[in-house]
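Just below is one structure, and these are the notes that go with it.
Chains as they are written, first to last, in UniProt numbering: chain A, 1 to 282; chain B, 1 to 394.
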């Protein structure tokens with residue numbers, strides 16, 4: 001019998017946030033019936049991409065259900081970006097730990113969140129689902145394995161199986177897992193954590209666009225310019241044209257147009273919409 | 001909270017009558033049965049009586065019974081002995097649904113250069129005897145086929161299997177751990193060479209078992225050391241365990257009719273009640289040729305470990321063939337060999353009853369389990385919507 005913590009048992013017997021959100025802003029689905037565990041995560045966001053509600057449906061064992069319940073408790077109230085900071089170790093830690101063989105349940109929670117965010121941002125698949133399928137039994141790719149190794153500092157093939165399920169079926173891929181492990185350990189610095197593309201919701205309303213532009217300028221662009229003695233002020237948002245005033249050192253800088261195009265406009269295009277243009281108001 | 005123990009294929013409670021018979025051998029009658037003094041010698045006589053009781057239950061001669069520690073030891077010993085005594089033969093036949101006590105030995109021997117054939121089973125968990133006939137070779141040293149499957153209760157036609165194998169000159173071993181006390185065993189008419197049984201499956205304690213070795217069959221001991229068991233299994237005998245096994249065999253033999261009437265009726269009521277109360281549920285394995293105490297039922301859309309843990313809250317003990325219970329990531333090798341779809345295999349629960357189970361216990365399971373399945377299906381993303389066809393009917 002597995003040694004589950006009281007908190008795992010509690011979240012299994014009385015899971016929080018079970019169910020669907022019919023008008024969810026995004027849904028993330030991972031796993032399958034064949035694999036033995038699956039999680040469907042529903043998120044409801046406010047206009048600031050803050051998670052105001054999270055619900056789940058899980059097919060799986062006690063730790064899968066408890067991990068799902070824990071995840072929803074942990075991310076409610078966070079912005080999407082803040083939620084993405086929650087790691088699978090955080091989920092396990094929230095539950096007071098999971099048996100090592102069950103760590104893949106916490107990984108499933110993390111992956112469902114990423115799938116939901118990818119869904120929000122119009123991405124077809126989570127980036128780690130791309131790559132070479134190494135474990136055919138459970139459809140695990142090399143990217144998922146490399147990421148699990150890097151994020152959880154895995155050092156054995158057994159640990160890879162515990163965290164990703166790869167190698168837990170027919171076992172044909174065990175040698176390949178050992179190769180990936182050796183390779184990953186040798187090239188650890190080159191491993192990049194998964195980056196979910198920043199919010200680029202399609203079809204923003206004027207209000208949503210204004211809020212997102214304002215937020216990006218206030219939280220990212222202005223502080224960056226202020227470091228160099230400059231500043232920026234949002235004047236107006238007219239359709240997809242953003243009107244700004246440069247302040248401080250930026251107002252007299254010879255390169256101000258470069259700053260506007262190469263920094264301000266580029267960052268707003270990444271964060272808000274691809275076809276935003278920025279104009280300076282004097 | 002009272003325990004409702006429906007996991008008797010895993011282990012059984014020690015029968016109070018067995019315990020009572022064993023108790024003196026833990027205390028005042030502690031002599032070594034191999035000793036020359038009367039104090040030990042009297043224990044030796046009790047050991048002989050236990051051997052006679054076991055032989056009686058197996059339908060063999062007392063001299064054909066070798067006491068050991070468990071079914072696993074019996075299986076290991078039989079397989080290794082059969083190969084060691086026929087060094088010119090390098091082929092073994094077994095099935096894909098054996099207990100690991102056989103499967104892992106055969107896999108180990110494959111790594112040592114032996115060839116193995118694993119017979120498949122159909123969707124009911126039954127063997128194709130033509131496949132057995134086709135697999136037999138002049139160099140087949142051993143056919144090792146379990147008599148009854150521990151997970152589904154499927155009973156193999158061991159008499160026919162043994163006859164086919166013997167005709168082609170192979171030795172035959174059967175793991176009868178699940179059979180003792182449930183199906184009459186008569187080794188006078190069953191032409192196997194080795195047969196393994198285990199005490200704790202038949203209301204004797206853990207740590208004792210017996211291997212039948214047919215008189216005249218060449219034998220190579222697995223355990224080397226002293227002269228115990230006529231040199232066939234070294235090591236001071238587990239006297240108390242053997243006394244318990246002897247008594248348990250006597251009781252089991254007297255209760256076979258009860259197993260096949262009262263226990264079977266209880267099992268059938270449990271099975272029928274669950275199937276009636278829970279949609280998308282099905283029995284895994286043959287219902288025509290099955291142990292009287294076992295039912296293996298799958299509940300679609302939910303996972304076995306979750307079911308077990310929720311049942312545990314009511315003191316209900318059973319087993320699951322789901323992946324999550326085992327540390328493995330794939331469901332039971334038996335259910336997979338039978339082609340049970342994943343949709344069902346992950347949600348499989350084995351109930352195995354004994355003569356100690358009651359109608360009231362079955363009533364509790366019938367009252368609680370449908371609610372548990374419904375609760376887990378509420379959580380599951382795969383539950384069937386009203387009006388939808390089942391996800392899988394195969």
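Each residue gets a CB set at the ideal place from its N, CA and C atoms; glycine is no exception.
Only a predicted model underlies this, so the values are computations on that prediction, with no experimental measurement involved.
- Between residue 181 of chain A and residue 167 of chain A, the C-beta spacing is not below 8 Å.
- Between residue 315 of chain B and residue 3 of chain B, the C-beta gap is smaller than 8 Å, which places the two residues in contact.
- The beta carbons of residue 10 of chain B and residue 320 of chain B sit no closer together than 8 Å.
- Within chain B, no C-beta atom comes nearer than 7 Å to that of residue 164 of chain A; the closest sits roughly 10 Å away.
- Counting only runs of at least 3 residues, the stretch 83-158 of chain A fully encloses the following beta strand (DSSP E) elements, listed from N- to C-terminal order: 133-135.
- Residues of the stretch 356-382 of chain B whose Cβ lies closer than 8 Å to any Cβ of chain A, in chain order: 378, 379, 380, 381, 382.
- Residue contact with chain A for residue 342 of chain B: present (Cβ-Cβ distance below 8 Å to some residue of chain A).
- Membership of residue 368 of chain B in any beta strand (DSSP E) is not indicated; the residue belongs instead to the alpha helix (DSSP H) covering 359-379.
- For the pair residue 232 of chain A and residue 373 of chain B, the Cα-to-Cα distance works out to about 59 Å.
- Our two residues, residue 38 of chain B and residue 31 of chain B, have alpha carbons roughly 9 Å apart in a direct line.
- Counting along the chain, residue 40 of chain A sits inside no alpha helix (DSSP H); it lies in the beta strand (DSSP E) bounded by residues 37-45.
- Residue 108 of chain A sits away from residue 54 of chain A, with the two beta carbons spaced by 8 Å or more.
- With a threshold of 16 other beta carbon atoms within 10 Å, residue 1 of chain B falls short and is exposed.
- Among the residues of the stretch 126-151 of chain A, those with a Cβ less than 9 Å away from any Cβ of chain B are 137, 138, in the order of the chain.
- Contact between residue 11 of chain A and residue 83 of chain A is ruled out by a C-beta separation of about 18 Å, above the 8 Å threshold.
- Between the beta-carbon of residue 190 of chain B and that of residue 164 of chain B there is about 13 Å, and that puts the pair past the 8 Å contact cut.
- Among the CB atoms of chain B, none fall inside 8 Å of the CB of residue 263 of chain A.
- For residue 301 of chain B, at least one C-beta of chain A is nearer than 8 Å to its own C-beta.
- Counting only the Cα atoms, residue 97 of chain B lies some 40 Å from residue 34 of chain B.
- The beta carbon of residue 265 of chain A is closer than 6 Å to those of 278 in its chain, skipping five residues each way along the sequence.
- For residue 28 of chain A, the enclosing beta strand (DSSP E) has its first and last residue at 26-32.
- Put simply, of A:101, A:173, A:113 the residue whose alpha carbon is nearest the alpha carbon of residue 135 of chain A is A:173.
- Short of 8 Å from the beta carbon of residue 33 of chain A, and not among the five residues preceding or following it, lie these beta carbons of its own chain, in chain order: 59.
- At a C-beta separation below 9 Å, residue 268 of chain A has no neighbours in chain B, since its nearest C-beta there lies roughly 37 Å away.
- With a minimum length of 3 residues, the unbroken runs of beta strand (DSSP E) contained wholly in the stretch 235-305 of chain B fall at 281-283, 294-299.
- The beta-carbon of residue 40 of chain A is placed less than 8 Å from the nearest beta-carbon of chain B.
- Among the residues facing chain A, residue 330 of chain B is included, as its CB has a counterpart in that chain under 8 Å away.
- For the set B:71, B:248, B:332, B:274, the Cα lying nearest the Cα of residue 13 of chain B is the one of B:248.
- Under the DSSP assignment, residue 282 of chain A falls outside any beta strand (DSSP E); it carries neither an H nor an E label.
- Here residue 272 of chain A has 212, 213 as same chain residues with Cβ atoms under 6 Å from its own Cβ, once five neighbours each way along the sequence are excluded.
- Along the stretch 50-63 of chain A, the positions whose C-beta sits under 9 Å from a C-beta of chain B are 56, 57, 58, 59, 60, 61, 62, 63, read in chain order.
- If you check each beta-carbon in the stretch 83-112 of chain A against every beta-carbon of chain B, the ones closer than 7 Å belong to 101.
- Taking 8 Å as the cut-off, the beta carbon of residue 194 of chain B is found no closer than this to the beta carbon of residue 208 of chain B.
- Residue burial is scored here from C-beta neighbours: residue 36 of chain B has fewer than 16 other C-beta atoms within 10 angstroms and is therefore classed as exposed.
- In the three-state scheme derived from DSSP, where H, G and I count as helix and E and B as strand, residue 256 of chain A is classed as helix.
- Residue 5 of chain B sits in a strand when the DSSP states are folded into three classes.
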